[in-house]
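Just so you know, we're using the working numbering here: the sequence shown kicks off at 18 and counts up by one.
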Amino acid sequence: MSLPASEQIRAAGAVLAAEASRFSGYGWMRGTSGNLSVVVGRDPLVLAVTASGLEKSELTDRDVVLIGADGLGIDPTDARPPSAEAGLHAHIAARTGANAIFHVHAFDAVVAGHRWPGGVAIRDMEMLKGIGHRAHDETVVVPVIENDQDMTVEAARFDEVYAPATAEVPEVPALIVANHGMYAWGEDAAAARRHLEITEWLLRFQVATR
Ligand SMILES: [Zn+2]
18 MSLPASEQIR
28 AAGAVLAAEA
38 SRFSGYGWMR
48 GTSGNLSVVV
58 GRDPLVLAVT
68 ASGLEKSELT
78 DRDVVLIGAD
88 GLGIDPTDAR
98 PPSAEAGLHA
108 HIAARTGANA
118 IFHVHAFDAV
128 VAGHRWPGGV
138 AIRDMEMLKG
148 IGHRAHDETV
158 VVPVIENDQD
168 MTVEAARFDE
178 VYAPATAEVP
188 EVPALIVANH
198 GMYAWGEDAA
208 AARRHLEITE
218 WLLRFQVATR
């Protein structure tokens with residue numbers, strides 16, 4: 018497989034470092050938790066994902082690893098292992114068409130998944146417009162899947178709860194993994210960030226007012 022140009026990889030790394038710094042400021046990437054990715058090739062699928070085991074508030078544009086559709090590293094000159102969660106990033110990119118997938122350990126997302134393991138139902142909130150839904154008269158469910166260390170298991174669980182957009186109903190571009198964290202995605206990094214920030218806000222509201 019031919020790899021993307023190094024300038025493209027560095028540019029992706031710079032985008033992800035900036036996002037990771039922002040989310041670290043929110044307390045969503047404590048320790049070395051969470052990982053962020055962007056698609057850098059579609060045919061075949063290649064993602065740049067934040068390297069594992071690094072302090073997420075201090076990433077540089079070099080701190081990304083290239084992975085393929087199976088979540089495994091594809092650059093033979095890069096010995097750094099991708100995050101164990103990279104496989105789910107690649108699956109979400111393939112399944113939804115998103116070009117950016119962000120995963121964080123936001124506390125209120127975990128609390129919400131614990132409180133509503135069958136999915137977090139939200140309605141009549143202005144902020145729902147920020148994830149493409151209506152502020153009135155629509156119940157939007159943020160799905161919850163169980164946690165597992167095997168990303169093929171998690172990918173199958175994703176498929177069970179993910180509802181692709183239809184002409185009438187947009188998708189919900191976010192997912193909670195119980196006792197773990199949340200994912201959000203979008204057509205680019207700005208959209209994924211917006212979906213992550215807004216969904217976390219909505220989950221926080223549900224937890225605070227339950
Ligand atoms: Zn995680």
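For glycine and all other residues, C-beta sits at the position ideal for the given N, C-alpha and C.
Exercise. Is the beta carbon of Glu36 within less than 7 Å of some heavy atom of ligand 1?
Worked result: Here residue 36 refers to the residue found at position 19 when the sequence shown is read from its first residue. Not so, every heavy atom of ligand 1 lies at least 7 Å from the Cβ.
For this session: If I'm right that Ala37 touches Asp78 with Cβ under 8 Å, what's the distance once you round it to whole angstroms?
Result: The residue given as residue 37 occupies position 20 in the sequence shown. The residue given as residue 78 occupies position 61 in the sequence shown. Cβ-Cβ separation between Ala37 and Asp78: approximately 11 Å, too far for a contact (criterion under 8 Å).
Problem set entry | Status (buried if at least 16 other CB within 10 Å, exposed otherwise) for Gly88 | Along the sequence shown, read from residue 1 onward, the residue named residue 88 stands at position 71. Around the C-beta of Gly88, 16 or more other C-beta atoms lie within 10 Å, and the residue is accordingly described as buried.
Exercise. Should Glu24 and Thr49 be called a contact, given that it needs their Cβ atoms to be closer than 8 Å?
Worked result: Along the sequence shown, one-based indexing puts residue 24 at 7. Along the sequence shown, one-based indexing puts residue 49 at 32. No, the pair does not count as a contact, with Cβ atoms beyond the cut-off.
For this session: Assign Ala173 to buried or exposed, taking buried as 16 or more other Cβ atoms, counted over all protein chains shown, within 10 Å of its Cβ.
Result: What you label residue 173 is simply residue 156 of the sequence shown in a count that begins at 1. With fewer than 16 Cβ atoms within 10 Å of its Cβ, Ala173 is classed as exposed.
Exercise. So, helix, strand or coil for Ala180, using DSSP?
Worked result: Within the sequence shown, the letter at position 163 stands for residue 180. Ala180: coil per DSSP, three-state reduction.
Exercise. For ligand 1, which residues count as neighbours when the test is a C-beta closer than 6 Å to any heavy atom?
Worked result: Matched residues: Ser50, Gly51, Glu102, His120, His122, His197 and Gly198.
Problem set entry | Arg211 versus Arg59: straight-line alpha-carbon distance, rounded | Within the sequence shown, residue 211 is the residue found at index 194, counting from 1. Within the sequence shown, residue 59 is the residue found at index 42, counting from 1. Approximately 23 Å, taken between the alpha carbons.
Exercise. What are the start and end residues of each continuous beta strand (DSSP E) run of 3 or more residues lying completely inside the stretch 65-103, in chain order?
Worked result: For the stretch 65-103, the full-length beta strand (DSSP E) segments reaching 3 residues or more read 81-84 along the chain.
For this session: Quick one: grab the DSSP three-state call for Ser54.
Result: Stepping through the sequence shown from its first residue, residue 54 is reached at position 37. For Ser54, the three-state secondary structure derived from DSSP is strand.
Exercise. To which residues does DSSP link Trp202 through a beta bridge?
Worked result: Here residue 202 is taken as the residue at index 185 of the sequence shown, counted from 1. Partner(s): Ile118.
Exercise. Thinking C-beta only, is Leu64 closer than 8 Å to Ala107?
Worked result: Walking along the sequence shown from the start, residue 107 turns up at place 90. Walking along the sequence shown from the start, residue 64 turns up at place 47. Going by C-beta atoms, Ala107 is nearer than 8 Å to Leu64.
Problem set entry | Contact check, Val121 vs Gly51, beta carbons under 8 Å | Taking the first residue of the sequence shown as position 1, residue 121 is located at position 104. Taking the first residue of the sequence shown as position 1, residue 51 is located at position 34. Contact flag set, yes.
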